[in-house]
Amino acid sequence: MSDDPYDQSAPRRPETARESSGSGGLGSLLDAPSSREPSTGLRGVFEHEELTPEQVKRRRRRGRVSLTTAIALFLLAGLITVSVLASTFGWFEVRDYRGDGEDPVTFAVSEGATTGQVAVALEQQGIVADAETFVENFQEEHSGEFIQPGEYELRTEMSSEAAVGALMEEDEATHYAAVAQTLRMSDVFGILSESTGIPVEEFEAYAEDTETFGIPARFPTLEGWLHPGEYRFPLDATAEEVLRAMVDRTRATLEDNGITGEDEIFEVLTIGSIIEFEVQPEHYDVVAGAIENRLQNPDGETSGFIQSDASVTYGLGRKSYDFSEEERRDESNRYNTFANPGLPIGPIGSPGDAAIKAAADPEETGYYFWVTVDLDTGETKFAETYAEHLENVEEYNQWCSENEGRCG
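For the sequence shown, the working numbering gives the first residue as -2, with consecutive numbering after it.
If you want it as structure tokens, here you go:
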């Protein structure tokens, strides 16, 4: 063996493990590259990336934004979930108020109303928070009992317990009476008797006793003074006390409209009673003005006659609007406003608030005539002259011919 390293004939030394293992051997994975080899392999994986301070700040900001967004989305999802569950199970609904309530309110219980119907009405009017809670409370305290019909003085936002107590107090029980408009005195007496159990004869005994109630002597009866509306009378109320309550309500309405003199009172209640029978409420003030024109102009076409069919039939003791030509000319009927000029001898019913207000302050117009040309809709037409009025009457007659049997 030659000592000359450059001798090509010298035998070669054995290859090392690294040299003979090839690229797929374990040795190649563990062998560190020389300084002349590029920085690849595992070393490159763990090398730190060089970042500028600005890049570091941007990355931190992005991280904070991502975290904030994630939290917001989580909270939003939670709120939606809670909202859906609350709506489904009524978690946040007010089931009951506390205490005896806030503002005074009059609450009416109709004849035959069930406890459930009363509860719903109480909730709708803001007296109790929840109808179901009220019913539960009522059943616990008064199972098998009923709420008496009538008007009760309650308060808004009462606890169910307080509302039940107010409705079921023994001294709160009353007789309930509902008196509609355009009723005659005799009809009112019947309703009062049925509602209170007082014999109708006891009411009829006061029919002409105007002095007892301080009614001006010009009025022949209590007609005109029995104010329509809903009433709640004590169980031990007498016929006189019941009638006095109604008269007092009429007197209060007159005073509210500035009507205090006896002649004014007579005129307002009488005209108010006529217009209630003649037209719909939306025409009260116009017809009151037309009647006023007739009364103040006796030399006009109407010669001071009101000419109300309703007043004539009242005097005849009938409720229809039909009467003969002979009855039209009958001056002995003191309520006949065709045969007798001016006002009749008294009201033909007891007017309500709207009619009293219209009669106290009639609309100023040039009208003297009116006729309802459609009995279904209440459409009414007005005229200043009799010739114009006849045209409107023809329209009424046409409607009657198309609606057989409706016009008597």
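The beta-carbon is built from N, C-alpha and C at its ideal position, and this holds for glycine as well.
Secondary structure of A174 (DSSP, three-state): strand. Counting along the chain, K378 sits inside the beta strand (DSSP E) bounded by residues 376 to 380. Secondary structure at Y149: strand, using DSSP grouped into helix, strand and coil. E227 is not a Cβ neighbour of A307, given a cutoff of 7 Å. Annotation for E133: the continuous alpha helix (DSSP H) segment containing it runs 128 to 139. Burial state of A126 is buried, judged by a 10 Å Cβ sphere holding 16 or more other Cβ atoms. Residue range 350 to 357 is occupied by the alpha helix (DSSP H) that includes A355. Around I212, the same chain offers L219, W222, V244 as residues with beta carbons nearer than 8 Å, after the five sequence neighbours per side are excluded.
Under the three-state reduction of DSSP, D253 is assigned to helix. Straight across, the Cα-Cα distance linking E154 with Y94 is about 6 Å. In this structure, the alpha-carbon of F186 lies about 37 Å from that of D97. The alpha-carbon separation between L151 and P101 amounts to approximately 6 Å.
Counting along the chain, the unbroken alpha helix (DSSP H) around Y311 starts and ends at 306 to 313. Rounded to whole angstroms, the Cβ separation of E360 and G286 is 4 Å, and the two are in contact under 8 Å. Burial is judged here by how many other beta carbons sit within 10 angstroms of a residue's own beta carbon; I68 has fewer than 16 and is exposed. Assignment of G339 by DSSP, reduced to helix, strand and coil, places it in the strand class. Considering only P231, T207, M165, E328, the residue with the shortest C-alpha distance to L189 is P231.
R215 and P338 have their C-alpha atoms roughly 17 Å apart. By the Cβ criterion, the region 344 to 352 is not in contact with the region 361 to 381, since fewer than three pairs of Cβ atoms, one from each stretch, lie closer than 8 Å. For P101, DSSP records a beta bridge to R152.
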